[in-house]
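Chemist: Residue numbers for the sequence shown follow our numbering, beginning at 50 and rising by one.
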Amino acid sequence: MPEAKPTPWSLPLSEVGVRLEELRENRGLTQNAVAKHEALTRRGLKIDASGLSRLEGGQRKRVSRDLVEGLLEIYQANEDEASQILALLATDTTPAGRPRPALWRRNAHLLGPMQFEGFLKMERRAAALSNYERDFWPGLLQIEDYAYLVITQMRPDLLPSEVKELVDVRMDRQQHVKAGALAEFRTLVEERALHIAEDDLNGQTPARRHVHQAVWKRQLERVLNESEDPPNSIRILPRSAGIHPGLASPFVLMNFPEAARQVVWVETMVSSMYFDGPDDVQRYEATFDNLWNRALSTDETRTRLRNKIKELAQ
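1. When DSSP labels each residue in this structure, what does TYR181 get in the three-state scheme?
2. Using the Cα positions of MET163 and ARG219, report the straight-line distance between them to the nearest angstrom.
3. By a C-beta neighbour count over all protein chains shown, 10 Å radius and 16 as the cutoff for buried, is PRO61 buried or exposed?
4. Rounded to a whole number of angstroms, what is the C-alpha to C-alpha distance between HIS261 and MET171?
5. Does the beta-carbon of ASP97 have 16 or more other beta-carbons within 10 angstroms, so that it is buried, or is it exposed?
6. Mind checking which residues open and close the beta strand (DSSP E) that includes ILE39?
7. For GLY291, count the other beta carbons within 10 Å of its own beta carbon; 16 or more makes it buried, fewer makes it exposed. Which is it?
8. Taking DSSP as the reference, what is the three-state secondary structure of VAL301?
9. Quick check: what's the CA-CA separation for LEU64 versus ARG204?
10. Throw me the rounded Cβ distance for the ALA276 and ILE283 pair, which I believe falls under 8 Å.
11. What does the Cβ neighbour count give for LEU89, buried or exposed, with the cut at 16 atoms within 10 Å?
12. Can you tell me the Cα-Cα spacing of SER113 and LEU137, whole angstroms?
13. Which stretch, first to last residue, makes up the alpha helix (DSSP H) that contains THR352?
14. For ALA344, count the other beta carbons within 10 Å of its own beta carbon; 16 or more makes it buried, fewer makes it exposed. Which is it?
15. Find out if the Cβ-Cβ distance for the pair ALA242, PHE300 is shorter than 8 Å.
16. Quick one: any contact between the region 323-333 and the region 256-272, if contact means 3 or more CB pairs under 8 Å?
17. Do PHE168 and SER321 count as a contact pair if the criterion is CB distance below 8 Å?
18. Do LEU215 and ILE200 count as a contact pair if the criterion is CB distance below 8 Å?
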């Protein structure tokens, strides 16, 4: 199992930290040795081993250019290495404090168990998202009533009023992402997302069954409409794909305009986790690409959506 990390304050600063750590290790220096190095003293700079660890781990809110230049001197970075790191430093746009809209802040007690605030923060800044889901359409494509049904099933511990609060967060999230940097959104969903589970309908009155089917129909209409939007590519993975690695858990791959690395966000029943190790990301990227190529084409997906919508309208 890869090592999960806390969400970094800033992707550019996280990238800076990773590169500085690589340079330090290549020089065979410990964090303690760097903190005591005369080059920092000569420049009037101070950082202890703990502070350097936070910098390398992407957990510093701010990093001064002077400090980075001092570290680059200690690590004897060449001109290309130094220019790349300083360029990343210049792209950091993280505002002071936690950049959370009011809805996130008011509902932190509901988001906390899933560590979802970090995901929301990063998602807004992503230029490209590749989202694999097993049972439900992704949150960015959900209508309000469908989101209520999904959250109710996924979080049976919540009161109806708390479910509504999370639905409001999800709808607000869609607006923030649409207004953000996103230029490409690939959605890959298992075929089961097309169908209403019969267990959800059993025991319901005819009137409630009709309402449930109407919600499902409107949700599929939303997906169909979104599939026509140029940034979006939506594919259904048919049952014939069989057992595959993606069934372990839903995940999202993220690309950012200000950082060279991809990251992956994995959701489990009780938490969500962020990974940025190249081997970990590559594994998820390979899985997504393999499944994407095995899925129905975007045109075939639209045809399946239209057919299911007609079926639900009967």
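Positions of the beta carbon are idealized from the N, C-alpha and C atoms, including for glycine. All figures in this text were calculated on a predicted structure; none of them were measured in a lab.
Modeler: Reading it off the structure:
1. Within the sequence shown, numbered from 1, the residue matching residue 181 stands at position 132. In this structure, TYR181 counts as strand in the three-state DSSP scheme.
2. Here residue 163 refers to the residue found at position 114 when the sequence shown is read from its first residue. Here residue 219 refers to the residue found at position 170 when the sequence shown is read from its first residue. Low confidence applies here, because MET163 scores a pLDDT of 49, under 50, leaving its location unreliable; read the following figure in that light. When rounded, the separation of the alpha-carbon atoms in MET163 and ARG219 is 14 Å.
3. Stepping through the sequence shown from its first residue, residue 61 is reached at position 12. The residue is buried, with at least 16 neighbouring Cβ atoms inside 10 Å.
4. As a first step, residue 261 is located in the sequence shown; it is residue number 212 there, counting from the start. As a first step, residue 171 is located in the sequence shown; it is residue number 122 there, counting from the start. If I take the Cα positions, the gap works out to 33 Å.
5. For the purposes of this step, residue 97 is identified with residue 48 of the sequence shown, where counting begins at 1. So ASP97 ends up on the exposed side.
6. Limits of the chain in this structure are 50 at one end and 363 at the other, which puts residue 39 out of reach.
7. By one-based count along the sequence shown, residue 291 stands at place 242. By the 10 Å Cβ count, GLY291 comes out exposed.
8. Within the sequence shown, numbered from 1, the residue matching residue 301 stands at position 252. Secondary structure of VAL301 (DSSP, three-state): strand.
9. Reading the sequence shown from its first residue, position 15 is the one you call residue 64. Reading the sequence shown from its first residue, position 155 is the one you call residue 204. Here the sequence assigns Glu to residue 64, which means Leu is not the residue at that position. Straight-line measurement puts the Cα of ARG204 at about 35 Å from the Cα of GLU64.
10. In the sequence shown, the residue the question calls residue 276 occupies position 227. In the sequence shown, the residue the question calls residue 283 occupies position 234. Before going on, a small fix: residue 276 reads as Ser here, not Ala. In this structure SER276 touches ILE283 by the C-beta definition: roughly 4 Å separates them, less than 8 Å.
11. As a working mapping, residue 89 is identified with position 40 in the sequence shown. Answer is buried; the Cβ neighbour count reaches 16.
12. As a working note, residue 113 is residue 64 in the sequence shown. As a working note, residue 137 is residue 88 in the sequence shown. Straight-line Cα distance between these residues: approximately 12 Å.
13. On the sequence shown, residue 352 is found 303 positions in, with the first residue counted as 1. Note, THR352: alpha helix (DSSP H), 347-362.
14. On the sequence shown, position 295 is the one that residue 344 refers to. Burial call: buried.
15. For the purposes of this step, residue 242 is identified with residue 193 of the sequence shown, where counting begins at 1. For the purposes of this step, residue 300 is identified with residue 251 of the sequence shown, where counting begins at 1. Contact: no.
16. no
17. Position 272 of the sequence shown holds residue 321. Position 119 of the sequence shown holds residue 168. A contact, by the Cβ cut-off of 8 Å.
18. Looking up residue 200 in the sequence shown gives position 151. Looking up residue 215 in the sequence shown gives position 166. Taking C-beta atoms as the reference points, ILE200 and LEU215 count as a pair closer than 8 Å.
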